[in-house]
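In the numbering used here, the protein residues as written are 6 to 427.
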């Protein structure tokens, strides 16, 4: 998210968002060999000295294997060649450390298609850890991105960060302590995010302005917000059609540590799954609990603290055609992450009360009254609180009658068979 919030329009309920060059010399604690070479089987014996050169000299079809060790870099790495596999010895064994980085906006920047990266870690980059731009057929498997000092405003924004990609698989990976989103997919099409762990990020997993995403079997814990499904204006793709299922989204109560003025700086601690301005979203079979603002939050763009002037005329700011069913909810909404929200909770439910499991700002398009646009809830015992943000919270209320509906189930995302098989 690269937009700065405007405070000209702010409702009480603000829950938003929101070329490498030559390698530096190895630092003393870098794992090295006396004669760094690339062997006949593609193994880079000393990544600190050879990896950027290997990227520059790569030809399509190359497999670059990295040994176990901690390898230190002072500059970004960049790959611009299609059909490359970069493989380490394990996400806790092969570590590309950018702790001493002095130049470059990322740890590893990839501008290529048919790219696979697996079994390695990228730590402590100055900016984004792993950014993949404008690629097709991308596989990110068993990759760990982490800022080892824990949550900190000075950490890089994004951990795993494919943007403007098609056919992308992110699986069995770990993202820790990003100051924006641990796993972020933006302006992309046909995406699967599965079996990952996102922890201690501002946003654990974020799908933004993306068409066709399946997010399942992930664990999002100890973030500020667990899983975010967003649309932002003034971007070339407007997202829709996302399924979020079989995820464990618990205890996302970490204090927001995003840099002040960034969009996600408005996400209140205690947010489980958030939908903002996105359509055709299906949330089912998730285990949500102990998210102290609410287990699920749904908002229009107007409740994100942004000026209408920032909205392109064609942008649709309303969340529509949302279907929530068969989720397990426990112990949410008891200690909202902003004073304003906590005041609202106490006013509605008493000092010891809790918000319902689902909170909605209640802002709708005045001409879209058909049930095909509705937020449908078919989840035993779950209630949705309409906070009536369009009227400055004049009449917050629960009315399950207008949400007792169903939408047609969305189809599964399909990726090319070659991406799904190791």
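Note that CB positions come from ideal geometry on N, CA and C, so glycine has one too. Bear in mind that the values here come from a model prediction, so they are computed numbers and not experimental data.
So, are the CB atoms of residue i and residue j less than 8 angstroms apart?
i           : j           : result
residue 185 : residue 269 : yes
residue 405 : residue 419 : no
residue 69  : residue 59  : yes
residue 360 : residue 341 : yes
residue 240 : residue 194 : no
residue 190 : residue 212 : yes
residue 305 : residue 323 : yes
residue 338 : residue 276 : no
residue 351 : residue 295 : no
residue 139 : residue 170 : yes
residue 349 : residue 365 : no
residue 111 : residue 136 : yes
residue 161 : residue 130 : yes
residue 117 : residue 157 : no
residue 114 : residue 83  : yes
residue 286 : residue 234 : yes
residue 165 : residue 145 : yes
Buried or exposed for residue i, going by 16 or more other Cβ atoms inside 10 Å?
i           : result
residue 150 : buried
residue 402 : exposed
residue 373 : exposed
residue 187 : buried
residue 421 : exposed
residue 172 : buried
residue 96  : buried
residue 335 : exposed
residue 260 : exposed
residue 62  : exposed
residue 274 : buried
residue 321 : buried
residue 182 : buried
residue 178 : buried
residue 375 : exposed
residue 102 : buried
residue 367 : buried
residue 225 : buried
residue 258 : buried
residue 85  : exposed
residue 397 : exposed
Per DSSP, residue i is paired with what?
i           : result
residue 150 : 127, 180
residue 141 : 171
residue 74  : 99
residue 381 : 328
residue 82  : 113
residue 323 : According to DSSP, residue 323 bridges with nothing at all.
residue 213 : 191, 235
residue 333 : 292
residue 229 : Answer by DSSP bridge pairing: none, since residue 229 is not bridged.
residue 136 : 114, 166
Looking at the C-beta of residue i, does it have a partner C-beta in chain D at a distance below 8 angstroms?
i           : result
residue 324 : Any reference to chain D falls outside this structure, which holds one protein chain only.
How big is the Cα-Cα spacing for residue i and residue j?
i           : j           : result
residue 209 : residue 119 : 26 angstroms
residue 227 : residue 64  : 41 angstroms
residue 216 : residue 303 : 18 angstroms
residue 370 : residue 106 : 48 angstroms
residue 395 : residue 300 : 22 angstroms
residue 236 : residue 54  : 41 angstroms
residue 344 : residue 263 : 18 angstroms
residue 134 : residue 410 : 42 angstroms
residue 318 : residue 238 : 9 angstroms
residue 67  : residue 163 : 27 angstroms
residue 408 : residue 205 : 33 angstroms
residue 281 : residue 248 : 14 angstroms
residue 252 : residue 400 : 33 angstroms
residue 291 : residue 331 : 8 angstroms
residue 293 : residue 333 : 6 angstroms
residue 218 : residue 245 : 8 angstroms
residue 207 : residue 109 : 23 angstroms
residue 180 : residue 147 : 10 angstroms
residue 72  : residue 386 : 52 angstroms
residue 104 : residue 143 : 26 angstroms
residue 298 : residue 51  : 48 angstroms
residue 392 : residue 279 : 15 angstroms
residue 357 : residue 346 : 14 angstroms
residue 121 : residue 221 : 20 angstroms
residue 76  : residue 159 : 22 angstroms
residue 426 : residue 92  : 15 angstroms
residue 363 : residue 272 : 16 angstroms
residue 56  : residue 152 : 22 angstroms
residue 289 : residue 423 : 28 angstroms
residue 174 : residue 266 : 31 angstroms
residue 416 : residue 78  : 43 angstroms
**Message:** Would the segment 324 to 337 count as touching the segment 381 to 401 if we require 3 or more Cβ pairs under 8 angstroms?
**Reply:** yes
**Asked** Counting Cβ pairs closer than 8 angstroms, one from the segment 84 to 102 and one from the segment 124 to 135, do we hit at least three?
**Response** yes
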